[in-house]
Structures are given as C-alpha cells and as structure tokens.
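The sequence shown: position 99 = 1349 (this note's numbering), numbered continuously.
Using N, Cα and C, we set each Cβ at its ideal position, and we do this for glycine too.
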Amino acid sequence: MAYRVDMRDIHFNLFEKIGVEDLSQLEAYKDFSVDDYKMILNEAEKFAVNVIAPTLAPTDKDGARFEKGEVVVPEEVRETLRKFNEGGWGAVSASPEFGGQGLPSTVAIGTVEIFVAANTGFSGYQGLTSATANLIGEEGSDFLKETYCEKMLTGVWAGAMVLTEAQAGSAVGEIKTSAKRDGDTYLLTGNKIFISGGDHDMNENMIHVLLARVEGAPPGVKGLSLFVAPKYLVNNDGSVGAFNHLKATGVEEKMGMHASATCSIAYGEDGPCRAWIIGEENQGIQIMFKLMNHARLGVGAQGVSQAAAAYHLALDYAHERVQGTRIEDARNPAAPSVPIVEHPDVRRMLLAQKAIVEATRGLIYSVSYWLDRANHTTDDEERQRYIDLVELLTPICKGYSTEMAFHSICLALQVHGGYGYCEEYGVSVLLRDAKIGTIYEGTTGIQAMDLLGRKVAMRKGGLFQNFVGILGDFVERNSGHPALEKHFKLLGEAKDQLVATTITLGTKGMTGDINYPLQYATPYLFMFGHVACSYFILDQALLAHEKLQTLYADKGVQDDAGKRKLVQEHVDAKFYYNKIETAKFFVANILPEVYGIAKSVESDDKSPMDIVF
Ligand SMILES: Cc1cc2nc3c(=O)[nH]c(=O)nc-3n(C[C@H](O)[C@H](O)[C@H](O)COP(=O)(O)OP(=O)(O)OC[C@H]3O[C@@H](n4cnc5c(N)ncnc54)[C@H](O)[C@@H]3O)c2cc1C
C-alpha cells in the first residue's frame, strides 16, 4: 500500500489561498521565504513516504508491549525516531532559543499533516515531546527551560503529557496524584493511565509534564498544579543521574496506534519521585488552557491527514477494481465490466471523502494562520480579532474534523468492499488509528460542551456574532457569483438556521432546562462544523474559479468541449475544476444535514433524559 500526501492541496491552501508568505512581515518569521517553506514541506513528504510509512504495517502487527516490567517498542520505531531527530524534525516550530527552527504554526501544521498518517502511533512520540518541550519553554522557569528544552527538542530526551487517571478522564478536576512540598521542589505520589509514550528506553531520559494536586489545595480544577518530573534526575552538569521513581506499570492493548506505548505510570511507588512546578501552585489548569488550542489543532490535523491518506487508497482502488457493468448496460450480458470508479454510488463516496478532507483542511490551516497572527502581531485589536476566531473554532477543528475524518475513512473502507475489511489494503489500520482522534485531548462530547456552553456564550455571544457576521458578508459579497450563486445562497440560509438553532438552545438553557442544550451539544457541533466548513471550502472554490478562468483565457479556450479537454489534460486546470466541484458537493450534500439537526433541536424531545436506563 502506498502512502500518498495531498501535496498539491496543501500548497494550494498555504501558498495560494492563505498566502503564508504574509507571515514574513512579522518579526518572528522575517527570515523565512516561501522557498524555505516549500523546501521544508517537500523534505517532510520524502521522509514521511520513504522512512515513516514503511513502518506502519509491521508496527501495527507487532506493536509496543510490556515485558518483564519494561516497555518494549518495535525496533522500526526506535530506528525511525533516531532518523527523525537527526533530521531536526522534532523542533520545526520550536523557538530558535532552544535549537528549534521557529517555523510558523501554519507551516508546522503542514508537517504534522504530512507525517501523522504515515504512522500515527509513531508520530505521537515526537509530537508529545515537542509539545511538552514547547510548554516548558513558554511557561517554565529559566532553570526548567535551560535544563530541559534543548535536550528534548533535539530528541536526546523524550516527553509525555500526563493528565489522565482512572477516575479522572474528561473530569480532569478529579485528579488525585498528590504533590508534597519539599523545599523548592515537590514529591509526587499517585498513578496515571493512558499516557502516550509515557515510558520507554528509546531516549536517555523521559520527561513528564503532569497535573497533580499540592497537599491541602482546593478540590476540582482550581486545585491543580503543573509539574515537570524526569524519569532520571538531572545532575548539575546536565547529565542524567539517579532514577526518580517514575515507572510504567503496564502498556495498554489498543484497537489502533499500536506503535505507540500507551502506559500506566506509578509515581513514588518505591522511593521519592521529585518534581518541579511550572508557574504557581493551583495555576495548572490555566496554563494548560493556554496551550490547549495548539494541541487541539494538532489533533484536528491528524484527522485530516488520516482521511486524506484513506481517500487516496480508495481512489486508487476504485480505478483498479473491476466489478459490474455501467447501469446503461444492465440488460446487456455481453457488456464489459468496468472499474468501480464508474459507478455513481462509488463516485459519491469518493467525492464525499475529498470534500470532507478539503473542507476540514481549509479550516485547520486557516485557524493555524490566525493563531500565528494572534501570537505575533503587535496590533492589539488585530490580536483580539484573531484570538476570538481561534477560540470559537478550536472545538470545531478538534471535534468536527476528527469525527468527519472517521466517517470519511469508513467511506474509504466501504469503497474497498470486503478487501477493506481485511488488513491487506491498509485502509482498516487508518480507520482503527483514526478513532482515537475523537477521544483524546477532550472527547467530542467535551468539545461540543466547550463550543455551546463556553465559546458561543463568551462575551455575551460576541465571538459567535462576529463569526456569523463574517459569513454574512461573505455570502453577500458573492451572491451573484457566475458559477456558485446557488451555493452561496445555500450557505446564507444554513447560516441563518445556525443562528436560529443557537437562539433556541440558548433560550432553553436560560429558562432553566439546562439538560436540553447539552443533550444536543454534539449535533450542534456538527451543525456548526457543516456551516463553517462550507465557508472554508467555498472560499477555496472562489479562488479556484478565478484561476481556472485565467487558465482558460491564457490557453485561448472558449467553448465547453475545449474547456473539458483542458481540464482533462492540464494538471492545474483539473485541480481547480475539481476544487469547484468538491465545494459544490459539500454545500449541496453535507451542509443540508443542518436542517435535520435543526428539526431535532426544535422537536422538544427529551427522551434521552426521560428514558429509564
Ligand atoms: C490511545 C490513548 C492515548 C492517550 N494518551 C493520553 C496522554 O498522552 N495523556 C493523557 O493525559 N491522557 C491520554 N489519554 C486519555 C484520554 O485523554 C482520555 O481517554 C479521554 O480524555 C477520555 O477520558 P476517559 O477515557 O476517562 O473517558 P470518560 O471521561 O469516562 O468518558 C466516557 C464517555 O463519557 C462522556 N462524558 C464524560 N464526562 C462527560 C460530561 N461531563 N458530559 C458529557 N459527556 C461526558 C465522554 O464524552 C465519553 O463519551 C489517552 C487515551 C488513549 C485511549
């Protein structure tokens, strides 16, 4: 099975649509050029296709395991991680202060998309090491930064992000792991579960960034503090010293991501486990919140990556697999069988996948770009505008993109028929690996509550109204578009429906029935996502239409037959033409699901709360 990356569409988003070169106007990115970005992305693609992707099948079969009290990772993972770190890939978006390349998040998210689906379990090791090192770099004391950042970002040491406990998954406030003050540091006791890459021997040291509760702190999230705990204490000269009593007690057997060691961890079980605080006591959750947008965008990009990889497998298979005749030949026993890509139902499944991938990719890259601008602009008003958009759309990036990705990969599997259900064609592993995206970093249900309960309500609905205003202006500006007029009208109507449903749910909540809006929070997230993604895909289609008209004019093509011929023969003409068809499909076929959801919300049906389970 071949791993293919959507490089053409990634380039379209970054360089044609968003114009990522604008970021060079910001001080932080002034030394980068478009050529630098393209070179980095092309090298990432080569590494993903040639080095990471070949490890997927063997490490899916023989994954990480727990043997004689130790975590054992597949040899392919060890070797690939070494090459990955040698290439400096773990530090692409990290600050140059710690040996990073300081790339904009928008381009770094491109590398995430390129790497992840090549082997999702493998990608977690470096992803979490970079994330924890960046967190220490942004929020830690000078001592913590100097001790850990460079070693982690250069891949000498590994990192893990540690929140979950058996009784504290979605309910982070239930965390019990305790931290006892001991001079300037703390001693940890407790147990964590489900920690990705939580322990292994691929790196010289393992650094945990974890949430725990200082003895005597208040209950709930307000009593949580953030700590750094190394597996081996670090000597004054930076070398690795004594064991710090942080140890894996098991590795989960999972449905996917087999390359990743998902560990249960014990702290301070048979000796002291020392930890250093990040920030102040009881500030842990606020610090985590600051960094959550970035992590959730990353998981959204993971979904896009997996869905794109599955789409390419399905597309290739649909061209190869010969089965059945054209419907026009149904009564002719001598008619030839055709590749399944000829069948309307298969074409629908393929285009649905392409539409989901391209719409959610537009969402993720745009939000990453806004995050870069928010983080680095010197204009306060501009910063607030971008922060508001990022805040509102982060649960959509995470919750909607991963759910739609899973649906999309189901369609890719369906295109493969029975062979999809078998392991040989590589689509089933993507489906298994993709499911986790809807669970970790906050389940879809948690994202939905964040969207409806927090983000939409923020500043008396100001963030929501602002976004709806952007959609309204967009529809109005393009209402007479020569090719997409009908589709802009559909978006305008769906946007109005989103506003109406938001008011219905808000009114229910405010009049005392708080369960009703929560019962519909996840359908509402889908509704919001369908509307938002229609905006992103139509915005791409507008540009594609412009570029296609320019190509027709440049090539002197005027009649329909000439245009069709150009689209079939010219790579860019085909890309732009297909982009427009993809947008039409999303708006005509996926967006109308909004009305089914709206009808449910209007139903006043309370059966989920009334039923006796
Ligand atoms: C492979 C894997 C890797 C992971 N990696 C890490 C890691 O590196 N670090 C880490 O800290 N954790 C990690 N996790 C843990 C992950 O973040 C949690 O599994 C996730 O947050 C859900 O918690 P839970 O499993 O306890 O489910 P629960 O919280 O018990 O949720 C079960 C169901 O109930 C719903 N639910 C729960 N509470 C509510 C509520 N208040 N309202 C509505 N619905 C609710 C959820 O949406 C879900 O559908 C990993 C998990 C897995 C499986």
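Taken atom to atom, the span from the alpha-carbon of I1528 to that of S1857 is near 46 Å. In this structure R1524 touches T1435 by the C-beta definition: roughly 5 Å separates them, less than 8 Å.
Counting the other CB atoms within 10 Å of its CB gives R1611 a total of 16 or more, which places it among the buried residues. DSSP places M1452 in no beta strand (DSSP E); its state is neither H nor E.
R1524 is bridged by DSSP to L1437. Taking C-beta separations shorter than 7 Å and ignoring five residues to either side along the sequence, the partners of A1624 in its chain run R1633, Y1636, I1637 and V1640, following chain order.
Between ligand 1 and S1510, a heavy atom-to-CB distance of less than 8 Å is present.
Across the structure, D1810 and F1836 are spaced so that their CA atoms are roughly 24 Å apart. The beta carbons of S1510 and N1441 sit no closer together than 9 Å.
Here M1505 is exposed, its C-beta having fewer than 16 other C-beta atoms within 10 Å. Here the segment 1442-1459 does not lie against the segment 1354-1362, with fewer than 3 beta-carbon pairs under 8 Å apart.
For C1660, the enclosing alpha helix (DSSP H) starts and ends at S1651 to V1665. Across the structure, Y1619 and T1382 are spaced so that their CA atoms are roughly 22 Å apart. Around the CB of Q1769, 16 or more other CB atoms lie within 10 Å, so the residue is classed as buried. Restricted to the segment 1766-1801, not a single alpha helix (DSSP H) segment is unbroken, complete and at least 4 residues in length.
For S1274, there is no enclosing alpha helix (DSSP H), since its DSSP letter is neither H nor E. Residue pairing by DSSP places Y1287 in no beta bridge whatsoever. Look at V1588 here: in three-state DSSP terms it is coil, with no helix or strand label. Of the other Cβ atoms in all chains shown, 16 or more fall within 10 Å of the Cβ of A1368; this residue is therefore buried. Between the segment 1823-1840 and the segment 1848-1857, the count of C-beta pairs closer than 8 Å stays below three; the two stretches do not touch.
Here L1353 carries a coil assignment [DSSP, helix/strand/coil]. At least one heavy atom of ligand 1 lies less than 8 Å from the C-beta of S1420. With respect to the C-alpha of M1599, the residue from N1839, Y1845 and L1461 having the closest C-alpha is N1839. For the set E1424, K1481, F1265 and K1648, the Cα lying nearest the Cα of G1473 is the one of E1424.
Contact annotation: K1797 and H1820 have beta-carbon atoms that are not nearer than 9 Å. Between F1348 and L1403, the beta carbon gap of about 5 Å places them in contact (Cβ cut-off 8 Å). Contact between the segment 1333-1342 and the segment 1297-1304 is present, with at least three C-beta pairs closer than 8 Å. Per DSSP, E1530 lies in no beta strand (DSSP E) segment and is marked neither H nor E.
Burial check for D1312: the Cβ neighbour count within 10 Å stays below 16, so the residue is exposed.
By the C-beta density criterion, D1629 is exposed, having fewer than 16 other C-beta atoms within 10 angstroms.
In the three-state reduction of the DSSP assignment, K1504 falls in the coil class.
Going by beta carbons, E1363 and A1602 fall outside the 9 Å limit. Looking at the backbone, the Cα of D1700 and that of I1537 are separated by about 17 Å. In the three-state scheme derived from DSSP, where H, G and I count as helix and E and B as strand, F1365 is classed as helix. The Cβ-Cβ distance between S1555 and V1572 does not fall below 9 Å. DSSP links C1513 through a beta bridge to I1445 and V1501.
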